[in-house]
Amino acid sequence: MPRLALQALGWLFLRFGGQVFHRISGPAARRFYFLPPPRTRTNPRSSAPFQFVSRGEAVHGYSRGRGPVALLVHGWGGHAGQFDALGDRLVRAGFRVVALDMPGHGRSGGTLTSLLHFADALLIAQKLIGPIAVLVTHSLGGGAAALALSRGLRVDRTVLISPFARFDAFLELFARIHRLSARTQAGLVHDGEKWLGSPFAEITPIHLAPRISARALVIHSDDDRVIALGESRDLAAAWPGAEHVTVSKLGHVRVLKDPAVHERIVEFLLEASPSEPDPFAFVATDAPQEGVLVCSEP
129 MPRLALQALG WLFLRFGGQV FHRISGPAAR RFYFLPPPRT RTNPRSSAPF
179 QFVSRGEAVH GYSRGRGPVA LLVHGWGGHA GQFDALGDRL VRAGFRVVAL
229 DMPGHGRSGG TLTSLLHFAD ALLIAQKLIG PIAVLVTHSL GGGAAALALS
279 RGLRVDRTVL ISPFARFDAF LELFARIHRL SARTQAGLVH DGEKWLGSPF
329 AEITPIHLAP RISARALVIH SDDDRVIALG ESRDLAAAWP GAEHVTVSKL
379 GHVRVLKDPA VHERIVEFLL EASPSEPDPF AFVATDAPQE GVLVCSEP
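Going by our numbering, the letters in the sequence shown line up with residues 129 to 426, in that order.
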């Protein structure tokens, strides 16, 4: 069933059936909470498409340029192509740009996905492509980066564009849109934490930030209607040594395309002067396997 139709059926059940079928309303809400929007499949500018497997699903990536690796991580409902303009600037600055379609997004496999799925993909990517010098993230990608950094991902510097600090806002928005009862909301959280294998509170960026040593630049627009500016300010305050930059009238997504934002990001990343890793290499196999990086058709 197409994802859009599945989401429509889920919306109808949660709105009209959740009040009656209490026992299954929580698990049903959890499934639709972790179901991304319909996929956007683009062809990001790339000189070397590749793929690997994370949690049994193929993750597609795109590499171009030469130099220290700059790994780009999109947010919920996003895709690697959103970083094309920033990627151009980073390549000119001397980085090897690696952008991923995260699990359940773009051309990558998977249906239900989460912050943990994103973080696992980042940790596997580090093992396969070698040292990652810098990390640039957007929205939910910032939370995935914080989780991965707390679990062993090593980078010199990271940029978080329009990040969130807590899950509360997302849960409240989802509950309001679908008119969930308090009982269904509680069921969503209970079933969601069981599915993830972790309490939400323990994987929130603001909880993880104090233990992260990588230098961070946090950028957020004052008119963001998806994630409030206060979220990123709180996150920056909790992240040791983080710098917060507020920009104006760039919304939640347009900020990714702004040339002035690109220049500020490059300036911050070049201050680290990271060493260049070994050349990017592929392992030739017939199909993607766990722990193996393979060439992919453009």
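Built from N, CA and C at the ideal position, the CB exists for glycine as well.
Please read these numbers as outputs of a predicted model, since none were measured by experiment.
- Across the set F180, V375, Y161, the C-alpha of F180 shows the shortest separation from the C-alpha of L250.
- By the Cβ criterion, the segment 227-243 is in contact with the segment 181-190, since at least three pairs of Cβ atoms, one from each stretch, lie closer than 8 Å.
- Sequence-distant Cβ neighbours of H207 in its own chain, meaning closer than 7 Å and more than five residues away, are T168, T170, D229, H233, G234.
- Assigned with DSSP and collapsed to three states, D229 falls in strand.
- Here the alpha carbons of R311 and R392 stand approximately 46 Å from one another.
- In the DSSP assignment, G222 falls outside any beta strand (DSSP E), carrying neither H nor E.
- The shortest CA-to-CA distance from F162 to any of V383, E399, G379, L299 is the one to L299.
- Looking from the CA of A388, the closest CA among V201, I331, I347, H266 belongs to I347.
- When C-alpha distances from P368 are compared across F292, T374, L336, the shortest belongs to L336.
- Under DSSP, V197 takes part in a beta bridge, and its partners are R224.
- G325 carries a coil assignment under DSSP once its states are collapsed to helix, strand and coil.
- Within the same chain, H335 come within 7 Å of A329 by CB-CB distance, once the 5 residues on both sides are set aside.
- Sequence-distant Cβ neighbours of L200 in its own chain, meaning closer than 6 Å and more than five residues away, are F211, A227, V264.
- Take R173, set aside five residues on each side of it, and the residues of its chain with a beta-carbon closer than 6 Å to its own are D212, in chain order.
- Taking the CA atoms as reference points, L301 sits about 19 Å from G270.
- Per the C-alpha coordinates, the member of A273, A221, I257 positioned closest to L244 is A273.
- Secondary structure note for L384: it is in no beta strand (DSSP E), with a DSSP letter that is neither H nor E.
- Between the segment 356-374 and the segment 286-296 there are three or more C-beta pairs closer than 8 Å, enough to call the two in contact.
- Taking a cut-off of 8 Å for Cβ pairs, the segment 279-288 and the segment 251-262 touch, as three or more such pairs fall below it.
- In this chain, the alpha helix (DSSP H) harbouring G269 covers 268-278.
- About 13 Å separates the beta carbons of L345 and V383, which is beyond the 8 Å limit, so they are not a contact pair.
- Linking R194 to V317 through their CA atoms gives a straight-line distance of about 44 Å.
- Membership of E300 in the alpha helix (DSSP H) is indicated by the continuous run 296-305.
- As computed with DSSP, A310 is found in no beta bridge at all.
- Counting of Cβ neighbours within 10 angstroms places R339 among the exposed residues, the total staying below 16.
- In this structure, the beta-carbon distance from S242 to I355 does not fall below 8 Å.
- H372 has V346 as its beta-bridge partners, per DSSP.
- Counting only residues of its own chain and dropping the five nearest sequence neighbours on each side, E321 has a CB closer than 8 Å to the CB of P327, F328.
- Taking 8 Å as the cut-off, the Cβ atoms of G205 and P164 count as close.
- Straight through space, the alpha carbons of A342 and A247 are spaced by roughly 16 Å.
- Assignment of A293 by DSSP, reduced to helix, strand and coil, places it in the coil class.
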